[in-house]
Amino acid sequence: MKMSIRRQFALIFIGLMTGIIVVCLVINNIFLEEYYIKSKINVILDAYTVISQSANSDEYDTDSFKNELEDVCSRYNITICVMDAYSQMKFVSKNGGQQLENRLIGYIFEIPMDNNTDVIEEGDDYIIQRSGAEGSEYIEMYGRLNSGISFIMRTPVESMRESARLANRFFGYVGIAGTIVCGLIIWTISKKITKPILELSNISEKMVQLDFEAKYVGGAHNEIDLLGENINKLSDSLEKSISELKTANNELKNDIQRKEKTDEMRKEFLANVSHELKTPIALIQGYAEGLHEGINDDPESREFYCEVIMDEAAKMNTMVKKLLTLNQLEFGNDVVSMERFDITSLIKNYIQSAEILTKQNSIEVRMKDYPAIYVWADEFKTEEVFMNYFSNAVNHCENEKYIEVTLTEYADRVKVSVFNTGIPIPEDSLSHIWEKFYKVDKARTREYGGSGVGLSIVKAIMESMNQKYGVTNYDNGVMFWFELDSVTAQR
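Position one of the sequence shown corresponds to residue 164 (the numbering used here), numbered consecutively onward.
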């Protein structure tokens, strides 16, 4: 592991605390002085309110008024001097109010005072200003009320830069100490969190080695315990699955003992193939010998002999290809690839490609204009099934000579039907038409070059996709059909 969760917890916390401390220091430097001055101004305004209310009610000459002002002066470190309309001092605070008497008289009679003043706020009957040099600065308010009462008050302002520097240094020391202490606490607590995670890691390593005895016991009573319970269930499930696999492997070994039965099937298959190939081979051999011995020397006869040989060879080639396809399907060597596709488009495209064949046989193909219908199946194998049905319908189409293709949608399935007019299949042959090399009318099959393997391929394909298929006789013809899962069935 490049970095444990425990270390990540500690680093994230330390980084977060450091960021908070830095932000606080920046805010302190920028806004502390402004906040401090604002608070001093608010204190002076509170004292001004007391003086104004007392002056308006003529209570400024009472002991309660003086006691209230003394309380304000001692509580907020304010120096106050109040003078009536006859220039008589009505209140001088004990904390240096005598020093303000001359400043109050100077302001009333507009006598020039010091120049180190900066007006902060002006009211109807008062002025708030900042006066004095750095190190001995004051927030000062003076004015004359409507009742004739004059007043002056001020409160000292310590050096903001020095105060901010000291506050930041203290805050920094406290922040560093707090970060270290909290980091150690996080390091200790995270051990309790990472311990069950490490336990789960060890259990998973044992599961990789197919050791399912170790189980998670836990005790954290949180999401990690839930994960541990799921891993225990996974362990039991894997153990069960491996047991089933071993059982299946044992059955596979038993299947080897059935080799004799498989050999018999192969012998039967070879016998059927030999029987089916016997006739075309005999024809090819006979006509080839006739050409060799020159039985008929005229060009027409030689051309006829060559056409027979080529035709029989082509039939043999077709039969071999179909047998190879059937062999792959029956022995499971051909993988079924399930995919979503439009069955309507597939059928229309095939019918269009077979248009020449149907016109040559004077067959009318009927199919409604169906919308796109999506199914889940192997698209290539589905086309192979439809091709066998359609070509079989073309070869056996008689009487009215038309083929009708129908698509029927159910709740979760789609049924594809191919009907052709003609002679119905005999009832005793219906159960055998899916067998290899079975032919209902051997003479008719021989006429169009059928091998008796097409419907066997249909059977193998549909069973490989676990889908239904079949045939239905009608008075005027035969209908072959198959079903597929519609897309709605898979949602």
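Just so it is clear, CB atoms sit at the ideal spot from N, CA and C, and this is done for glycine as well. All values reported here derive from a predicted model rather than from experimental measurement.
Does the Cβ of residue i have 16 or more other Cβ atoms within 10 Å, making it buried, or fewer, making it exposed?
{"i": "T507", "result": "buried"}
{"i": "Y305", "result": "buried"}
{"i": "Y611", "result": "Bear in mind that a pLDDT of 43 at Y611, under 50, signals an unreliable position, so the model cannot answer this."}
{"i": "I526", "result": "buried"}
{"i": "K355", "result": "exposed"}
{"i": "V621", "result": "buried"}
{"i": "L174", "result": "exposed"}
{"i": "V186", "result": "exposed"}
{"i": "D638", "result": "exposed"}
{"i": "V581", "result": "buried"}
{"i": "E303", "result": "buried"}
{"i": "P462", "result": "exposed"}
{"i": "Y198", "result": "exposed"}
{"i": "N555", "result": "buried"}
{"i": "D374", "result": "exposed"}
{"i": "N551", "result": "buried"}
{"i": "I190", "result": "exposed"}
{"i": "I405", "result": "exposed"}
{"i": "A340", "result": "exposed"}
{"i": "I207", "result": "buried"}
Below 8 Å on the Cβ atoms is my guess for residue i versus residue j; work out the distance and round it to an integer in Å.
{"i": "I271", "j": "R307", "result": "7 Å"}
{"i": "I596", "j": "V634", "result": "7 Å"}
{"i": "A476", "j": "I447", "result": "6 Å"}
{"i": "G311", "j": "A248", "result": "3 Å"}
{"i": "I720", "j": "Y379", "result": "Given a span of 164 to 654 for the chain in the structure shown, any question on residue 720 remains unanswerable."}
{"i": "W644", "j": "K578", "result": "6 Å"}
Alpha carbon to alpha carbon, how far is residue i from residue j?
{"i": "M370", "j": "S398", "result": "7 Å"}
{"i": "F228", "j": "Q292", "result": "25 Å"}
{"i": "I387", "j": "Q372", "result": "23 Å"}
{"i": "R609", "j": "M473", "result": "Unreliable positioning characterises R609 in this predicted model, as indicated by a pLDDT of 46, which lies under 50. The coordinate reading is nonetheless provided below. Those two C-alpha atoms are separated by around 15 Å."}
{"i": "R328", "j": "E362", "result": "50 Å"}
{"i": "M246", "j": "F314", "result": "6 Å"}
{"i": "F172", "j": "A330", "result": "30 Å"}
{"i": "A574", "j": "L647", "result": "12 Å"}
{"i": "V235", "j": "F333", "result": "30 Å"}
{"i": "T242", "j": "F176", "result": "48 Å"}
{"i": "I588", "j": "N636", "result": "7 Å"}
{"i": "G178", "j": "T342", "result": "9 Å"}
{"i": "I510", "j": "F549", "result": "8 Å"}
{"i": "I394", "j": "S400", "result": "10 Å"}
{"i": "L263", "j": "G269", "result": "10 Å"}
{"i": "I193", "j": "G335", "result": "16 Å"}
{"i": "N629", "j": "D541", "result": "11 Å"}
{"i": "T351", "j": "L415", "result": "55 Å"}
{"i": "T357", "j": "R170", "result": "10 Å"}
{"i": "S364", "j": "A535", "result": "51 Å"}
{"i": "E273", "j": "S250", "result": "15 Å"}
{"i": "V255", "j": "L267", "result": "11 Å"}
{"i": "D505", "j": "V528", "result": "20 Å"}
{"i": "K409", "j": "E470", "result": "59 Å"}
{"i": "I290", "j": "T212", "result": "14 Å"}
Inspect the beta-carbon positions of residue i and residue j and report whether they are closer than 9 Å.
{"i": "M530", "j": "V568", "result": "yes"}
{"i": "E300", "j": "P275", "result": "no"}
{"i": "Y533", "j": "L593", "result": "no"}
{"i": "E640", "j": "N512", "result": "According to the sequence displayed, residue 640 carries Gly and not Glu. No, Cβ-Cβ distance for G640 and N512 is not below 9 Å."}
{"i": "E233", "j": "K257", "result": "yes"}
{"i": "C244", "j": "M316", "result": "yes"}
{"i": "D224", "j": "K253", "result": "yes"}
{"i": "E285", "j": "I204", "result": "no"}
{"i": "E598", "j": "S619", "result": "yes"}
{"i": "F543", "j": "S500", "result": "yes"}
{"i": "F346", "j": "I183", "result": "A small fix is needed here, since residue 346 is Gly in this sequence, not Phe. In this structure, I183 does not lie closer than 9 Å to G346 by Cβ."}
With a threshold of 6 Å on Cβ separation, who are the neighbours of residue i within its own chain once the five nearest residues in sequence on each side are excluded?
{"i": "L454", "result": "Y468"}
{"i": "N309", "result": "none"}
{"i": "N655", "result": "With the chain running from 164 to 654 in the structure shown, residue 655 is simply not present."}
{"i": "K631", "result": "E646"}
{"i": "G613", "result": "Only weak support is given to the placement of G613: the predicted model assigns it a pLDDT of 49, under 50, and the value that follows is read from those uncertain coordinates. Within the same chain, G613 has no close Cβ partners at all."}
For residue i, which residues from the same chain have a beta carbon less than 8 Å from its beta carbon, with the 5 sequence-adjacent residues on both sides left out?
{"i": "V650", "result": "R503, Y537, V538 and W539"}
{"i": "V557", "result": "A517, L520, T521, N524, I526, I566 and N583"}
{"i": "H559", "result": "N583, G585, I586, R607 and V641"}
{"i": "E376", "result": "K369"}
{"i": "I349", "result": "F172, A173 and F176"}
Near residue i, which residues of its chain fall below 7 Å by C-beta distance, leaving aside the five closest residues on each side in sequence?
{"i": "A295", "result": "Per the sequence shown, the amino acid found at residue 295 is Gly instead of Ala. Within the same chain, G295 has close Cβ partners N279 and Y301."}
{"i": "K215", "result": "Looking at the sequence provided, one finds Ser at residue 215 rather than Lys. Closer than 7 Å at the Cβ level, and outside the excluded window around S215, lie L308."}
{"i": "N413", "result": "none"}
{"i": "K605", "result": "In this prediction, K605 scores a pLDDT of 48, lower than 50, which makes its location untrustworthy; no coordinate-derived value is stated."}
{"i": "G391", "result": "P359, L363, Y379 and G381"}
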